[in-house]
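**Student:** So that we are looking at the same thing, I have put the structure below in structure tokens.
Protein chains in written order, with our numbering: chain C, 15 to 213; chain Z, 15 to 213.
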């Protein structure tokens, strides 16, 4: 039905989350109609992001160098670490302007059913970091979902077994159960941060 | 909040139709997480489509050469032309497998309010083509919207003023197959009544 380059573009667009066949077709025709500047601007932005963005060596957040902007910021409290599943969660928490510590991005949540075990996440790196940097408190901000809660529990137990001085906390309720951090509004997320409790 | 390459990708994604700020962010993080193969595959597909796909010299449908596949197909009836607004409409009609003629893609619909006048569409080219190729019938398949109807009327008048032998038709308006009378809007139902046919 389509010339091969058009079909290929539709196939590639269909791989995006939430984009079905019809939407992919609509986006493809939009890109065909769009100016070269706009369409190639998107292609170039994708290429650039894959070339220049990697993971921070300290916290595994997105970084355009060896270390991310937050870890490089001396004003951020190195004794307070917020543990999240994904880099997008860092953005959500930064938007509240209520957290002045640093982050640790796990890269997902424990889910034995999907084959995600502790060694697939940056959990060992968190333990090392906590001991090395004399961390006072770890705020576990994994999603309030089954896998996120399981991950929080696993990490809380692991941290307690290693260090006795450490305070381990979890985001307070205020987030509806089953929701996703990425979609929480700033106020709710800010409240949850302020009301964090010992696990 | 974001490293510049990430921000740029979000900005470029926001230009897509139906993609707001949150969706653009979600898509950007998906591309960051995706394999290089998938993400760069999309970038390359966009680049290739802009480089290799142009408009057919005859019918202004999308083409990966000077002439599109339909115009190049000798089995398609050159005496029967279906006039549509956009290349995506060609795909919709091809899916029915009921049309064996050729197409003419206007590149939009007349809309004085948006500054789209007859000379902005491929209307003069349609008139030339009809006279040159000894066309028997022109099926006007612009959208059943205000602008689509105005365009159909304009073209029908133009064609009649030029050629007397030509049959000019319009897609039937009526109830969509599988629809319910109870939920049909008055305008559609009125059209269906006016266009009733002997069983």
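Just so it is clear, CB atoms sit at the ideal spot from N, CA and C, and this is done for glycine as well.
#1: With distances taken from CA atoms, which of 106/Z, 110/Z, 95/Z and 138/Z is nearest residue 118/Z?
#2: Please state if the CB of residue 60/C and the CB of residue 42/C are separated by a distance shorter than 9 Å.
#3: Check each candidate in 120/C, 204/C and 186/C and name the one with the smallest Cα separation from residue 71/C.
#4: I'd like to know if residue 50/C contacts chain Z, where contact means its C-beta is closer than 9 Å to some C-beta of that chain.
#5: Just to check my reading of the structure: residue 123/Z and residue 162/Z have Cβ atoms closer than 8 Å, yes? What is that Cβ distance to the nearest angstrom?
#6: Residue range of the beta strand (DSSP E) that residue 115/Z falls in?
#7: Which residues in chain C have a C-beta closer than 7 Å to the C-beta of residue 55/Z? List them in chain order.
#8: Applying the 10 Å Cβ sphere with the 16-neighbour rule, what's the burial state of residue 65/C?
#9: Could you check whether residue 183/Z and residue 149/Z sit closer than 9 Å to each other, using their CB atoms as the reference points?
#10: Do residue 206/C and residue 189/C have their C-beta atoms within less than 9 Å of each other?
#11: Quick check: the Cα distance between residue 202/Z and residue 63/Z, rounded to an integer number of angstroms?
#12: Go through the segment 124 to 209 of chain Z residue by residue and report every complete run of the beta strand (DSSP E) that reaches 3 residues or more, in order.
#13: Which class does residue 48/C belong to by DSSP, given the choice of helix, strand or coil?
#14: Can you have a look at residue 19/C and say buried or exposed, based on whether 16 or more other CB atoms are within 10 angstroms of its CB?
#15: Where do the ends of the alpha helix (DSSP H) carrying residue 86/Z lie?
#16: Along the beta strand (DSSP E) that carries residue 67/C, what are the first and last residues, could you check?
#17: Using CA coordinates, which residue listed in 38/C, 92/C, 97/C and 108/C is at the minimum distance from residue 198/C?
#18: Should residue 31/Z be labelled buried (16 or more other beta-carbon atoms within 10 Å of its own) or exposed?
#19: Terminal residues of the continuous beta strand (DSSP E) containing residue 103/Z?
#20: Return the bridge partner residues of residue 77/C from the DSSP annotation.
#21: Identify, in the order they occur along the chain, each residue of the same chain with its Cβ nearer than 7 Å to the Cβ of residue 101/Z, setting aside the five sequence neighbours on each side.
#22: Please name the residue in 186/Z, 191/Z and 193/Z whose C-alpha comes closest to that of residue 209/Z.
#23: Are any of the Cβ atoms in chain Z nearer than 9 Å to that of residue 196/C?
#24: Take the Cβ of residue 104/Z as the centre, count every other Cβ of all protein chains shown within 10 Å, and call the residue buried at 16 or more, exposed below.
#25: If the criterion is Cβ atoms closer than 9 Å, does the pair residue 47/Z and residue 85/Z meet it?
#26: Select from 147/C, 132/C, 81/C and 192/C the residue whose C-alpha is nearest the C-alpha of residue 170/C.
#27: Is the shortest distance between the beta-carbon of residue 60/C and the beta-carbons of chain Z less than 9 Å?
#28: Run the CB neighbour count on residue 89/C, radius 10 Å, all protein chains shown included, and call it buried at 16 or more, exposed below.
#29: One question on the structure: do residue 53/Z and residue 83/C come within less than 9 Å of each other, judged by their Cβ atoms?
#30: At a Cβ cut of 8 Å, what residues of the segment 90 to 116 of chain C count as close to chain Z, listed as they run along the chain?
**Tutor:** According to the data block:
#1: Here the question's residue 118/Z lines up with position 104 in the second chain. Nearest of 106/Z, 110/Z, 95/Z and 138/Z to residue 118/Z, Cα basis: 95/Z.
#2: In the first chain, residue 42/C corresponds to position 28, counting from 1. In the first chain, residue 60/C corresponds to position 46, counting from 1. Not closer than 9 Å, so no.
#3: The count along the first chain starts at 1 and reaches residue 71/C at position 57. The shortest Cα separation from residue 71/C among 120/C, 204/C and 186/C belongs to 120/C.
#4: For the purposes of this step, residue 50/C is taken as residue 36 along the first chain, with counting starting at 1. Chain Z contact via Cβ: present.
#5: Translated into positions along the second chain, residue 123/Z becomes position 109. Translated into positions along the second chain, residue 162/Z becomes position 148. Confirmed, about 5 Å.
#6: By one-based count along the second chain, residue 115/Z stands at place 101. Its beta strand (DSSP E) spans residues 115 to 119.
#7: Numbered from 1 along the second chain, position 41 holds the residue referred to as residue 55/Z. Chain C residues near residue 55/Z: 26.
#8: Counting from one through the first chain, the residue named residue 65/C turns up at place 51. By the neighbour-count rule (16 or more Cβ atoms within 10 Å), residue 65/C is not buried but exposed.
#9: Taking the second chain and counting its residues from 1, one reaches residue 149/Z at position 135. Taking the second chain and counting its residues from 1, one reaches residue 183/Z at position 169. In this structure, residue 149/Z keeps its C-beta atom at 9 Å or more from the C-beta atom of residue 183/Z.
#10: Within the first chain, residue 206/C is the residue found at index 192, counting from 1. Within the first chain, residue 189/C is the residue found at index 175, counting from 1. Contact flag set, yes.
#11: The residue labelled residue 202/Z in the question sits at position 188 within the second chain. The residue labelled residue 63/Z in the question sits at position 49 within the second chain. One C-alpha to the other measures close to 38 Å.
#12: Those beta strand (DSSP E) runs which fall completely within the segment 124 to 209 of chain Z and span 3+ residues are 151 to 154 and 181 to 184.
#13: Walking along the first chain from the start, residue 48/C turns up at place 34. Looking at residue 48/C - three-state DSSP - the assignment turns out to be coil, as it is neither helix nor strand.
#14: Locating residue 19/C in the first chain gives position 5, counting from the first residue. Result: buried.
#15: Translated into the one-based positions of the second chain, residue 86/Z becomes position 72. Run containing residue 86/Z: 83 to 86, per the alpha helix (DSSP H) assignment.
#16: For the purposes of this step, residue 67/C is taken as residue 53 along the first chain, with counting starting at 1. No beta strand (DSSP E) contains residue 67/C, which DSSP labels as neither H nor E.
#17: For this step, residue 198/C is matched to residue 184 along the first chain. Residue 108/C is the option with its Cα nearest to residue 198/C.
#18: Residue mapping note: residue 31/Z aligns to position 17 of the second chain, counting from 1. Counting Cβ neighbours within 10 Å, residue 31/Z comes out exposed, since fewer than 16 surround it.
#19: Position 89 of the second chain holds residue 103/Z. Here residue 103/Z belongs to no beta strand (DSSP E); instead the alpha helix (DSSP H) covers 101 to 110.
#20: For the purposes of this step, residue 77/C is identified with residue 63 of the first chain, where counting begins at 1. According to DSSP, residue 77/C bridges with 68/C.
#21: In the second chain, residue 101/Z corresponds to position 87, counting from 1. Hits under 7 Å: 75, 76 and 119.
#22: Along the second chain, one-based indexing puts residue 209/Z at 195. When only C-alpha atoms are compared, the closest one is 186/Z.
#23: Walking along the first chain from the start, residue 196/C turns up at place 182. Chain Z, which has a Cβ nearer than 9 Å to the Cβ of residue 196/C, makes this yes.
#24: Taking the second chain and counting its residues from 1, one reaches residue 104/Z at position 90. Buried, by the Cβ-count rule.
#25: One-based indexing of the second chain puts residue 47/Z at position 33. One-based indexing of the second chain puts residue 85/Z at position 71. No.
#26: Taking the first chain and counting its residues from 1, the one referred to as residue 170/C is at position 156. Considering only alpha carbons, the answer is 132/C.
#27: Here residue 60/C corresponds to residue number 46 of the first chain, with the count starting at 1. Interface flag for residue 60/C against chain Z is set, since a Cβ pair is found closer than 9 Å.
#28: To locate residue 89/C, count along the first chain from 1; it is residue 75. The residue in question, residue 89/C, is exposed, as its Cβ has fewer than 16 Cβ neighbours within 10 Å.
#29: Within the second chain, residue 53/Z is the residue found at index 39, counting from 1. Within the first chain, residue 83/C is the residue found at index 69, counting from 1. No, Cβ-Cβ distance for residue 53/Z and residue 83/C is not below 9 Å.
#30: So the list reads 100, 101, 102, 105, 108 and 109, given in the order they occur along the chain.
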